[in-house]
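Comments concern the structure below.
Printed below as a string of C-alpha cells:
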C-alpha cells in the first residue's frame with residue numbers, strides 16, 4: 088500500500104507546534120481544570136504526551152477542531168446540518184463541543200448511552216436504534232419525560248404501540264422517527280410497509296412522528312468516491328421514495344437523517360435529506376484513510392487523523408520484530424492494522440490481548456526497550472470504547488483529560 | 088464443524104436446575120448482598136437472566152465452580168499448584184474465590200491491573216510483564232512497599248537496576264522473577280543471557296530473585312492434544328535448561344511458572360515446574376472449545392463454558408438473517424464466531440460495532456423481534472474487558488452482580 092505508507096511517513100511531521108493552551112469551546116475554565124486529573128487522580132495537564140503512561144488514548148485537539156470546522160463548512164455549503172453520532176466518541180465533552188459549533192443534536196446507538204449523555208447534560212438526543220424490550224420501552228419513555236429533546240427510533244407496529252402506551256403512562260407525547268432499512272441490518276424495509284407503519288404511528292395518541300432515518304452502514308467504507316457515491320445514491324432511492332410517499336400522505340418528514348463520514352458530501356443530493364449522522368470525521372482511523380477522496384486520491388484526506396494511541400516497546404531482541412504494550416484490549420482487532428506514525432516500514436498487529444507485535448522491514452532508528460511509538464487506530468469507535476479517559480493534546484502536551492462518559496454502555 | 092455444532096445443540100440443555108441460592112465461598116452474606124445491585128443501581132438479585140437488559144455478560148456460577156474444582160483436583164494429582172492469571176476475569180470477587188479454593192496467588196498483566204486488584208483486597212500478586220518505563224518502575228515499587236506479596240517480572244539488566252534503585256528508595260527488598268521468553272513475544276531468550284541476568288539480579292542489593300516465568304502463549308490454542316503436548320514440551324526445553332543452570336549456580340528457582348488452560352495437564356512433565364498461570368478454565372470460550380482434549384475428542388470438554396452473553400433480536404425481516412444488539416463492542420472480533428446456544432444452524436458474526444448479524448440455515452423456532460438468544464463468547468479475556476459488571480447466575484437467576492474491578496486497566 089504505497090499511498091498509506093507515504094501518508095504515515097509524513098504524518099508525524101505535522102506535530103511541531105508551540106505549546107500555547109487555549110480553552111475548548113463550550114467549557115468554562117473551571118470545567119477545563121476539572122478535566123485535568125486523570126481517572127487515577129494523577130494530574131497530567133501540561134505533561135508531554137510522550138510521558139503519559141501507555142497505552143494512552145490521545146486526541147490532537149487542533150486536528151479535531153479543524154475537522155469539525157471542515158465538516159460544518161461543507162455541510163453549510165450543501166444545505167444540510169450535522170447531528171453527529173456519539174457512539175463514535177461516547178464523550179460528553181466532545182458532544183458539547185459539537186453542539187457549540189453548530190451541530191443540531193447528537194445521535195445515540197444504545198439507550199444506556201443516551202441515558203449517560205443526558206446525565207452529563209446533553210439534551211438534543213436522537214436514538215437511532217429501536218428499543219424492542221419492555222424494560223427499554225419504559226426506560227426510553229422515562230428518559231423522554233425528563234428530556235423533551237429526546238427522539239426515539241421505531242421500526243415495527245407492536246413496538247410503536249408499546250411506546251405509545253408507555254408514553255401515555257409517562258404522560259408525554261413522545262417524538263419518534265421511523266428507522267427505514269438501507270441494506271439488511273436494522274429498520275423496516277422501504278416501501279408500503281414503512282408507509283403503513285408511519286400512518287399507524289400518526290394515529291397513536293402519545294407519539295409524534297418526526298420523520299425517518301436511513302443510515303447506510305455498508306457504503307461508508309466503499310473505496311473510491313465515484314463508486315461510493317453511485318452506491319449510496321442507489322441504495323437510498325427506495326427510502327427517498329418512501330419519504331416522498333409519506334409527505335404526499337400528509338405525514339411529517341422534517342427529519343430525513345443518515346449518512347456518515349464516508350458520504351457527508353453525497354447525501355445532500357437526496358431530495359429532502361435533512362441531517363448527517365457523521366461520527367468518525369472527528370478522529371479518522373486507518374479504515375477511513377483507505378476509502379479515497381473526491382479528489383481521486385487513494386488516501387481520504389478530507390479530515391485529518393486526530394486520534395492516536397501511544398505505546399511502549401517491551402521487547403526488541405528478536406530480529407525484525409518489536410513487541411509493544413498495546414494489544415487487542417488497547418487497539419481492537421479491526422483491520423487494516425494500526426498505522427505507526429513516522430514508521431512506514433512497520434506493520435503493527437494487535438493480535439495478542441496484552442501485546443502488540445510489529446514486523447519491521449525498515450525503521451528510522453534502532454528502538455530500545457522503553458521507547459515509545461504513536462499509532463493511528465484501526466477503527467475509532469470500538470477503540471474509544473476500551474478506555475475510561477481520553478487525553479486532549481495540544482502541541483504534544485495534555486490540555487484536558489476527558490472521561491469517556493458512555494464507555495461500555497452497550498445496552 | 089460437526090463437533091462444535093453437536094456441542095452447541097446440547098449445551099443449552101445443561102441449565103435446568105432448581106433455583107436455590109447459596110453463598111459463593113470467600114464472601115460473607117453481607118458482601119454477597121452488596122453485590123446484588125448492578126452499576127446503574129437496579130437490584131437484579133433473583134431476576135431471570137432472560138429478563139436482564141441486553142447485551143448482558145453472564146457467568147454460570149455452578150459451571151465456574153465445577154471448573155475450578157476440576158482444575159484444582161487435576162493440579163493436585165500432577166503435583167503443581169495454580170496461580171491463575173487475572174487478566175482473564177479482571178474481577179476481584181473471582182480472584183477471592185480462586186484464592187479461597189487453593190490457588191496460591193494471582194497473576195496480573197498490567198501494573199494498573201495489579202494496583203486495582205490490590206486496592207480491592209488481593210495481596211498475592213505476580214506481575215508477569217516487565218515495567219520498563221520510569222513511572223512504572225516507581226509505581227511498581229510503591230505497590231511492593233504497600234504489598235509484601237507483590238512479585239515483579241523483569242527481563243533486562245537496565246530495568247533490573249532501575250527496579251533495585253526504586254526499591255532502595257522505597258526502602259524495600261523487592262521480589263522479582265525473570266521473564267524468560269518462549270517464542271518471540273515477551274521476555275529474555277533462554278540460555279546464557281538469561282543466566283547472566285539472573286546472576287546480576289542476585290547481586291543487586293534491593294532485589295530478591297524468586298525464580299523464572301516461561302509462558303508460551305502460542306501453544307495454548309494448538310489443536311490436538313498430542314501436537315499440543317509435543318510442541319509445549321519442546322518449546323520449553325531451553326527454558327528448563329536455563330532453570331537447571333540457574334539452580335546449579337546456586338540461584339533461587341522456587342518459582343518456575345507458566346502454562347495455561349491448554350497445557351494445564353502437560354507442564355508438570357517439565358522438571359521443577361511450580362505453578363500454572365491458568366485463566367480461561369473458569370469461563371471457556373469458542374477458541375478453547377476447538378483445541379481438542381486428551382481423550383481425542385475434537386471438542387475440548389475438560390472445562391464447561393460458563394461465560395455467555397445474552398442478546399436481543401432487533402430485526403427478522405430479511406430471509407435467512409437476524410440482527411441482534413450484540414456487536415463488536417459486546418463480543419469483540421475474535422474468531423471463531425460466537426456460538427449460539429441451542430441453535431447450531433446459526434452463524435453469528437459480531438462484525439458491526441453495535442449489531443450482531445446471524446446467518447440462519449436452520450432454527451428451532453421462528454424468532455421475533457424482542458426474542459433473546461445466549462451465546463458462548465469467541466475469546467473470554469477481551470470480552471470481559473468490554474463490560475463493567477458480570478452477572479453471576481445460578482439456575483438461570485441472578486445471584487450476584489460483580490464489578491469487573493480492573494476493566495480497562497491496560498496500562
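Protein chains in written order, with this note's numbering: chain A, 88 to 498; chain B, 88 to 498. Virtual Cβ for every residue (Gly too), placed ideally from N, Cα, C. Keep in mind the model is a prediction, meaning the values are calculated, not measured.
Boundaries of the alpha helix (DSSP H) around residue 165 of chain A: 148 to 165. In the DSSP assignment, residue 490 of chain A falls within the unbroken beta strand (DSSP E) covering 484 to 490. In the three-state scheme derived from DSSP, where H, G and I count as helix and E and B as strand, residue 404 of chain A is classed as coil.
From the listed residues B/356, B/259 and B/390, the smallest Cα separation to residue 323 of chain B is found for B/356.
At a beta-carbon threshold of 7 Å, the residues of chain B lying near residue 474 of chain A are 495, ordered along the chain. Per DSSP, reduced to three states, the secondary structure at residue 311 of chain B is coil, with no helix or strand assignment. Residue 494 of chain B sits buried, since 16 or more C-beta atoms from the chains shown fall within 10 Å of its C-beta.
Residue B/498 holds the alpha-carbon nearest to the alpha-carbon of residue 401 of chain A among B/287, B/345, B/498 and B/373. Looking from the CA of residue 353 of chain A, the closest CA among A/162, A/340, A/197 and A/214 belongs to A/162. For residue 175 of chain B against residue 366 of chain B, the beta-carbon gap comes to about 3 Å, under 8 Å, which counts as contact.
Annotation: residue 273 of chain A is outside any beta strand (DSSP E) and is labelled neither H nor E by DSSP. Around the beta carbon of residue 246 of chain B, 16 or more other beta carbons lie within 10 angstroms, which makes this residue buried.
In terms of CA proximity to residue 296 of chain A, A/282 leads the group A/194, A/282, A/314 and A/309.
For residue 295 of chain A, the uninterrupted beta strand (DSSP E) segment begins and ends at 294 to 301.
Here the alpha carbon of residue 489 of chain A sits roughly 12 Å from the alpha carbon of residue 143 of chain A.
Cβ atoms of residue 414 of chain B and residue 443 of chain B come within 8 Å of each other, at about 5 Å.
Judged by pairs of C-beta atoms under 8 Å, the stretch 145 to 156 of chain B touches the stretch 363 to 377 of chain B, as three or more such pairs exist. Residue 298 of chain A has its alpha-carbon roughly 21 Å from the corresponding atom of residue 223 of chain A. Around the beta carbon of residue 382 of chain B, a 10 Å sphere encloses fewer than 16 other beta carbons of the protein chains shown; the residue is thus reported as exposed. Counting the other CB atoms within 10 Å of its CB gives residue 279 of chain A a total below 16, which places it among the exposed residues. For residue 469 of chain A, the nearest CB of chain B lies under 8 Å from its own CB, placing it at the interface with that chain.
The alpha carbon of residue 152 of chain A has as its nearest neighbour, out of A/265, A/185, A/350 and A/237, the alpha carbon of A/185. Proximity of the stretch 256 to 274 of chain A to the stretch 180 to 199 of chain A falls short of the contact definition, fewer than three beta-carbon pairs being nearer than 8 Å. Residue 211 of chain A and residue 480 of chain A have their alpha carbons spaced roughly 27 Å apart. Residue 239 of chain B counts as buried, since no fewer than 16 other beta carbons sit within 10 angstroms of its beta carbon. Counting only Cβ-Cβ distances below 9 Å, residue 140 of chain A has contacts in chain B at 198, 199, 220, 222, 223, 226 and 498, in chain order. Non-local C-beta neighbours of residue 136 of chain A in its own chain, meaning closer than 8 Å and more than five positions away in sequence, comprise 143, 145, 397, 461, 478, 480, 483, 484 and 485, ordered along the chain. Secondary structure at residue 449 of chain A: coil, using DSSP grouped into helix, strand and coil. Listed in chain order, the positions of the stretch 407 to 419 of chain B with a beta carbon within less than 9 Å of a beta carbon of chain A are 408, 410, 412, 413, 414, 415, 416, 417 and 419.
Taking every protein chain shown into account, the CB of residue 384 of chain B has fewer than 16 other CB atoms within 10 angstroms, so this residue is exposed. Under DSSP, residue 459 of chain A shares a beta bridge with A/399.
For residue 467 of chain A, the enclosing alpha helix (DSSP H) stretches over residues 467 to 471. The alpha-carbon separation between residue 388 of chain B and residue 376 of chain B amounts to approximately 7 Å. Relative to residue 275 of chain A, the option among B/419, B/403 and B/418 whose CA is nearest is B/403.
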